[in-house]
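Those sequence lines, one after another, are chains C and R. Numbering-wise, numbering that gives the first Met the number 0 puts 33 at position 34 of the first sequence, and it's gapless, one number per residue. Numbering-wise, numbering that gives the first Met the number 0 puts 50 at position 51 of the second sequence, and it's gapless, one number per residue. Glycine included, each C-beta is placed from N, C-alpha and C at the ideal position. Note that the structure is predicted; figures quoted are calculated from it, not measured.
Protein chains: 2
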Amino acid sequence: MKMQVHIQMNEGLFLRNPEGSELGKKILKYGVLLIHKNGFEAFTFKKLAEESGTTEAGIYRYFENKHKLLLYLTSWYWAWLEFQIRFHTNNIEKPTVKLKKVIKLLASTVADDEQTNYINESLLHQIIISEGSKAYLTKQVGEDNKQEFFKPYKDLCATIGSIISEYRPKYKYPKSLASTIVEMAHFQIFFMNNLPSLTDFGKSRQEEDVISFLNDLVFSGLKKG
Amino acid sequence: MKMQVHIQMNEGLFLRNPEGSELGKKILKYGVLLIHKNGFEAFTFKKLAEESGTTEAGIYRYFENKHKLLLYLTSWYWAWLEFQIRFHTNNIEKPTVKLKKVIKLLASTVADDEQTNYINESLLHQIIISEGSKAYLTKQVGEDNKQEFFKPYKDLCATIGSIISEYRPKYKYPKSLASTIVEMAHFQIFFMNNLPSLTDFGKSRQEEDVISFLNDLVFSGLKKG
DNA sequence: TAAAAAAAAATAGTATTACTATCTTAAATT
DNA sequence: AATTTAAGATAGTAATACTATTTTTTTTTA
Chain C
0 MKMQVHIQMN EGLFLRNPEG SELGKKILKY GVLLIHKNGF EAFTFKKLAE ESGTTEAGIY
60 RYFENKHKLL LYLTSWYWAW LEFQIRFHTN NIEKPTVKLK KVIKLLASTV ADDEQTNYIN
120 ESLLHQIIIS EGSKAYLTKQ VGEDNKQEFF KPYKDLCATI GSIISEYRPK YKYPKSLAST
180 IVEMAHFQIF FMNNLPSLTD FGKSRQEEDV ISFLNDLVFS GLKKG
Chain R
0 MKMQVHIQMN EGLFLRNPEG SELGKKILKY GVLLIHKNGF EAFTFKKLAE ESGTTEAGIY
60 RYFENKHKLL LYLTSWYWAW LEFQIRFHTN NIEKPTVKLK KVIKLLASTV ADDEQTNYIN
120 ESLLHQIIIS EGSKAYLTKQ VGEDNKQEFF KPYKDLCATI GSIISEYRPK YKYPKSLAST
180 IVEMAHFQIF FMNNLPSLTD FGKSRQEEDV ISFLNDLVFS GLKKG
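Printed below as a string of structure tokens:
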């Protein structure tokens, strides 16, 4: 049995729902491929149009600009990851075990899960690592936030924050620790691969080391009191 | 007595040394002002030229492109901050006290120190918070790193990493913790001001809270073992 | 000091990007 | 079958990111 989990996207992110047509799905697919290949700065709608077999105007009917497409893809990823987390931590009692599972899911290479053939989750994970912060590090962050474009990201952090509070109710900074874990799961991987001297994983270059670091950070940091 | 601390910049960052002419200094000054005002994406050499009283080509004689200018400014900031840290932790014996001082310097609003009248350190600090990561979150990070453009940042993290090791020699992740502190000193401030639900400082919006969080993270995290 | 060389600055231009407006064709509705 | 409606292609524009060329200024040196 093949079950399809559908992610409900914020309608403000697109002009026309890309999931509703073949061209739309191609735009998502090649959007991921091209941003991954060229980086977000060098990514243009013209290149995307060529790959998707349409014209620039064809893309503009779906997305207002490339920033909206990035917001769409990052939102999609965070919502997808939150589902993964809920699924994999379901029926787990102990917050310790849950937290460890979350950290593992955050920092592990994603296996393309075949559920959505127009989005390659593995490439998208790598995009999140190197381009994800650019979704909010802008002058329009306030407006974008008003339109709830960061809701999936905030929801994910809230979920993780709750597990932290469950684990240690008196801890004063569950939300900040949650966002720290999420950001560092990505930044430490980026540093490990690109600026290794900023990490302690330069030789091995293993995700497991990043996971160990984050576990240590969380569980030593919360052990007392 | 007014002493001038000169920061030696990597020559690969510029085509012509901006500190060597009046126009060059204006470019740095208005570069900071405009990036702060409009954000890095909306910042163009044309606007910078108008403010600086020259033409686009005038700017191109100093910097190859705006990415190089961002690298210049971030490098300058990290080198400046490292000096501040060395100065303020000088003669402090205890690594605990040193670390706390470092965290405070990282997360505190910078007072424009008047030493360099062409660079507003306070605005530059804010630029680092919202644009700093864009200096390395690029496809060219490897090449830029080969040319040592991130040396000041890596040096700063190494300095902090050493203090951590001094404090707790057996700790396995001094470098990763150092880069985590540096990044989070900025990200938590950004989140506090723009996406407050990702932090526990939403109501107060005080840098002191970020400092407390980081102290807690470091000192509870390292207390045991 | 005048001519030559070098450096700095201004002018003009191009390719690409980001986006708009319009026109054509196809699909859906009445 | 006529009429909306929507989808898609074509053509165009303003701005951006550069480059190339020419002019002016400064410096060097004969």
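C-alpha gap between residue i and residue j, whole angstroms
i              : j              : result
residue 139(C) : residue 191(C) : 30 angstroms
residue 104(R) : residue 97(R)  : 11 angstroms
residue 4(C)   : residue 83(C)  : 10 angstroms
residue 46(R)  : residue 174(R) : 39 angstroms
residue 37(R)  : residue 194(R) : 19 angstroms
residue 71(R)  : residue 52(R)  : 21 angstroms
residue 212(C) : residue 7(C)   : 34 angstroms
residue 149(C) : residue 172(C) : 21 angstroms
residue 180(C) : residue 60(C)  : 37 angstroms
residue 127(R) : residue 159(R) : 18 angstroms
residue 15(C)  : residue 69(C)  : 15 angstroms
residue 21(R)  : residue 123(C) : 46 angstroms
residue 144(R) : residue 48(C)  : 33 angstroms
residue 106(R) : residue 156(R) : 15 angstroms
residue 182(C) : residue 135(R) : 15 angstroms
residue 9(R)   : residue 142(R) : 14 angstroms
residue 65(R)  : residue 74(C)  : 29 angstroms
Residue i at chain R interface by Cβ criterion, 9 angstroms
i              : result
residue 161(C) : no
residue 37(C)  : yes
residue 149(C) : yes
residue 183(C) : yes
residue 44(C)  : no
residue 62(C)  : no
residue 137(C) : yes
residue 107(C) : no
Enclosing alpha helix (DSSP H) for residue i [first to last residue]
i              : result
residue 85(C)  : 65-88
residue 157(R) : 150-166
residue 173(C) : 173-193
residue 125(C) : 120-130
residue 34(R)  : 21-37
residue 229(C) : Since the first residue shown for chain C is 0 and the last is 224, residue 229(C) is missing from the structure and cannot be characterised.
residue 106(C) : 94-106
residue 51(R)  : 44-51
residue 59(C)  : 55-59
residue 142(C) : 140-145
Proximity test, Cβ basis, 9 angstroms: residue i and chain C
i              : result
residue 198(R) : yes
residue 140(R) : yes
residue 224(R) : A caution first: residue 224(R) carries a pLDDT of 35, below 50, which makes its placement in the model too unreliable to give a value.
residue 117(R) : no
residue 54(R)  : no
residue 71(R)  : no
residue 212(R) : yes
residue 152(R) : yes
residue 157(R) : yes
residue 130(R) : yes
residue 187(R) : yes
residue 203(R) : no
residue 101(R) : no
Outcome for residue i when other beta-carbon atoms lying within 10 angstroms are tallied against a minimum of 16
i              : result
residue 198(R) : buried
residue 137(R) : buried
residue 86(R)  : exposed
residue 17(C)  : buried
residue 27(C)  : buried
residue 56(C)  : exposed
residue 130(C) : buried
residue 19(C)  : exposed
residue 151(R) : buried
residue 108(R) : exposed
residue 30(R)  : buried
residue 54(R)  : exposed
residue 110(R) : exposed
residue 236(R) : As displayed, chain R neither begins before 0 nor continues past 224, which places residue 236(R) out of reach and without an answer.
residue 203(R) : exposed
Check: residue i C-beta below 8 angstroms from any heavy atom of the ligand ZN
i              : result
residue 214(C) : No copy of the ligand ZN appears in this structure; indeed no ligand is present at all.
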